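End of the sequence shown sits at 298 in numbering that gives the first Met the number 0; the numbers just go up one at a time, nothing left out. Every residue gets a Cβ at the ideal spot worked out from N, C-alpha and C, and that includes glycine. Quick caveat: nothing in here was measured; it's all calculated off a predicted structure. A quick write-up on the structure given underneath.
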Amino acid sequence: MFCKWLPLCFVLLLGACSSDIELFGYTIWGVGDYNRPSSVRVEKGDTLYSISRAHDVPMREVIEINGLRPPYTLRVGQVIRLPEAKYHIVARGDTLYSISRRYNVDMPTLSRTNNLTAPWTLHIGQKLLLPGSIVTGKGTSTARTSSTKYSTKKTTAQKSSSRAKYTYVQPSTKRKSNFIWPVKGTVISKFGPVAKGRNNDGINIKAARGTVVKAADAGTVAYAGNELKGFGNLILIKHNDGWVTAYAHNDTLKVRKGQKVAKGTPIATVGTTGGMTTPQLHFETRAGKKAVNPMAYLP
């Protein structure tokens, strides 16, 4: 995960982030939650709807974790707890069926939760909310399971085929070649444990706003955007050996998803997006899902 110093933490600075993120078709727990409060106090004019929209959380889950009942009238000064949502980021080859089976939720509920309709077309990088991913009384996030069974031969064949074709293989955590520094600057947050039991899955490099950010190695841009709250303008590059590099808090993005880049290609400029106050780049290196200290592979 990146950290609040920018937790995936893809979140970052000003602390150390606690969001856990797994890239390319893996689960993101509470991405960007370092700047989402665990609760809010109702102010004049607030409604359940306005609170859920303001904090980008499902209204249904706010209702459930607070034990609210119709007509859901709120009182000024009332404390409302906010849920930590569990998401799945769509990867190449994902289908609504394969995602539903992976998390043991039924397809109708998954599609309804995300307002999907037939033919249920998904897009790489799309964020899907997993049904029932609410905070329990102890503050841990859980996903409800479904007892729905798919017994037809056609579905069984689809399930087997999907598993065979998209079996995940963890790349080696030992890399043959080094990365280059994505930006020149001062490391202001190192890899590993930070404050209050939190962990930084990368490093944060302070640099002047507008400084060019370069691809640390050749690869394909798997994501370029700002849909993940708290990460700001984010770029993910997947490399041929299965490794992934992540670049967050950028000011401007110079590449698009699907674009192939060479080592050293300008991909962005340093900024303060995603809640930062100091211009910096949060940089991560991952062997598949496993975060690896970037300093071990930088000259």
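Nearest-angstrom beta carbon gap, N239 and G250 [assumed within contact, 8 angstroms]: Numbered from its first residue, the sequence shown carries residue 250 at position 251. Numbered from its first residue, the sequence shown carries residue 239 at position 240. Note that residue 250 is Asp in the sequence shown, not Gly. That belief does not hold up - the Cβ atoms of D250 and N239 are roughly 28 angstroms apart, past 8 angstroms.
Whole angstroms are fine: how far does the CA of K259 sit from the CA of K85? Locating residue 85 in the sequence shown gives position 86, counting from the first residue. Locating residue 259 in the sequence shown gives position 260, counting from the first residue. Cα to Cα, the separation comes out at about 30 angstroms.
Tell me where the beta strand (DSSP E) around S38 begins and ends. Looking up residue 38 in the sequence shown gives position 39. In the DSSP assignment, S38 falls within the beta strand (DSSP E) that extends over 38 to 40.
Look at the Cβ atom of A290, then the Cβ atom of L252, and state whether they are nearer than 9 angstroms. Translated into the one-based positions of the sequence shown, residue 290 becomes position 291. Translated into the one-based positions of the sequence shown, residue 252 becomes position 253. No.
Please classify L95: does DSSP put it in a helix, a strand, or coil? Residue numbering aside, residue 95 sits at position 96 when the sequence shown is read from its first letter. In this structure, L95 counts as helix in the three-state DSSP scheme.
Say whether the region 39 to 46 touches the region 73 to 93, bearing in mind that this needs 3 or more beta-carbon pairs closer than 8 angstroms, one atom from each stretch. yes
For K43, which residues of its own chain have a beta-carbon under 6 angstroms away from its beta-carbon, when the five flanking residues on both sides are left out? In the sequence shown, residue 43 corresponds to position 44, counting from 1. Contacts found: V75.
Rounded to the nearest angstrom, how far is the Cβ of P181 from that of K213, given a contact under 8 angstroms? Stepping through the sequence shown from its first residue, residue 181 is reached at position 182. Stepping through the sequence shown from its first residue, residue 213 is reached at position 214. Confirmed, about 5 angstroms.
Integer Cβ distance of I202 from M275, believed to fall under 8 angstroms: As a first step, residue 202 must be located in the sequence shown, where it is residue number 203. As a first step, residue 275 must be located in the sequence shown, where it is residue number 276. In fact, because the Cβ distance is near 14 angstroms, the residues do not count as touching under 8 angstroms.
Beta-carbon separation of V220 and I234 under 9 angstroms? One-based indexing of the sequence shown puts residue 220 at position 221. One-based indexing of the sequence shown puts residue 234 at position 235. Taking 9 angstroms as the cut-off, the beta carbon of V220 is found closer than this to the beta carbon of I234.
So for A295, helix, strand or coil by DSSP? Along the sequence shown, one-based indexing puts residue 295 at 296. A295: helix per DSSP, three-state reduction.
Under the three-state reduction of DSSP, which class applies to W28: helix, strand or coil? Translated into positions along the sequence shown, residue 28 becomes position 29. Confidence in W28 is poor, its pLDDT being 33 and thus under 50, which makes the residue's placement too unreliable to answer from.
What is the DSSP secondary structure of T108, counted as helix, strand or coil? Locating residue 108 in the sequence shown gives position 109, where the first residue counts as 1. In the structure shown, T108 sits in a helix (DSSP, three-state: H, G or I).
Identify which residue in Q279, A286, L129 has its Cα closest to the Cα of R59. For the purposes of this step, residue 59 is identified with residue 60 of the sequence shown, where counting begins at 1. The residue with the shortest Cα to Cα distance from R59 is L129.
When burial is assigned at 16 or more other CB atoms within 10 Å of the CB, is N177 buried or exposed? Position 178 of the sequence shown, counting from 1, holds the residue named residue 177. Exposed: under 16 other Cβ atoms inside 10 Å.
Terminal residues of the continuous alpha helix (DSSP H) containing I234? Position 235 of the sequence shown, counting from 1, holds the residue named residue 234. According to the DSSP assignment, I234 belongs to no alpha helix (DSSP H) but to the beta strand (DSSP E) extending over 232 to 237.
For F282, the residue or residues it bridges with in DSSP: Residue mapping note: residue 282 aligns to position 283 of the sequence shown, counting from 1. The partner list for F282 (beta bridge, DSSP) reads I202, Y246.
Whose C-beta lies closer than 7 angstroms to the C-beta of T151 among residues of the same chain, with five residues either side of it excluded? Here the question's residue 151 lines up with position 152 in the sequence shown. Legend: pLDDT at T151 = 37, less than 50; position of this residue unreliable, no value from coordinates given.
Nearest residue (CA-CA) to Y71, options S51, G270, T271, G273: As a working mapping, residue 71 is identified with position 72 in the sequence shown. Checking every option, the nearest Cα to that of Y71 belongs to S51.
Can you grab the Cα-Cα spacing for the pair I123 / I88, in whole Å? As a working mapping, residue 123 is identified with position 124 in the sequence shown. As a working mapping, residue 88 is identified with position 89 in the sequence shown. Their Cα atoms are separated by approximately 8 angstroms.
In angstroms with no decimal places, state the Cα-to-Cα distance between C8 and N199. As a position in the sequence shown, residue 8 is number 9, starting the count at 1. As a position in the sequence shown, residue 199 is number 200, starting the count at 1. Here C8 scores only 37 on pLDDT, less than 50, and its place in the model is too uncertain to base an answer on.
Tell me the rounded alpha-carbon separation between F247 and F282. On the sequence shown, residue 247 is found 248 positions in, with the first residue counted as 1. On the sequence shown, residue 282 is found 283 positions in, with the first residue counted as 1. Reading off the sequence shown, one finds Ala at residue 247, where the question assumed Phe. Going by the C-alpha atoms only, they are around 7 angstroms apart.
Run through the DSSP bridge pairs and tell me what S176 is partnered with. Numbered from 1 along the sequence shown, position 177 holds the residue referred to as residue 176. Per DSSP, none; premise fails for S176.
How about G241 and G287: do their beta carbons lie closer than 9 angstroms? As a working note, residue 241 is residue 242 in the sequence shown. As a working note, residue 287 is residue 288 in the sequence shown. Going by C-beta atoms, G241 is nearer than 9 angstroms to G287.
Who pairs with V78 in a beta bridge, going by DSSP? Here residue 78 refers to the residue found at position 79 when the sequence shown is read from its first residue. DSSP output for V78 lists R40 as bridge partner(s).
Kindly indicate which residue of R255, W119, F190, V254 has the alpha-carbon position closest to the one of Y296. Working through the sequence shown from its first residue, we reach residue 296 at position 297. Ranking the options by Cα distance to Y296, first place goes to F190.
Limits of the alpha helix (DSSP H) - the one that S49 falls within: Looking up residue 49 in the sequence shown gives position 50. Residues 47 to 53.
Could you check how far apart the C-beta atoms of S110 and L95 are, in whole angstroms? I think they sit under 8 angstroms. Taking the sequence shown and counting its residues from 1, one reaches residue 110 at position 111. Taking the sequence shown and counting its residues from 1, one reaches residue 95 at position 96. Sure, about 6 angstroms apart at Cβ, within 8 angstroms.
Check this for me: beta carbons of R208 and T116, under 9 angstroms apart or not? By one-based count along the sequence shown, residue 208 stands at place 209. By one-based count along the sequence shown, residue 116 stands at place 117. For R208 and T116, no; Cβs fall outside 9 angstroms.
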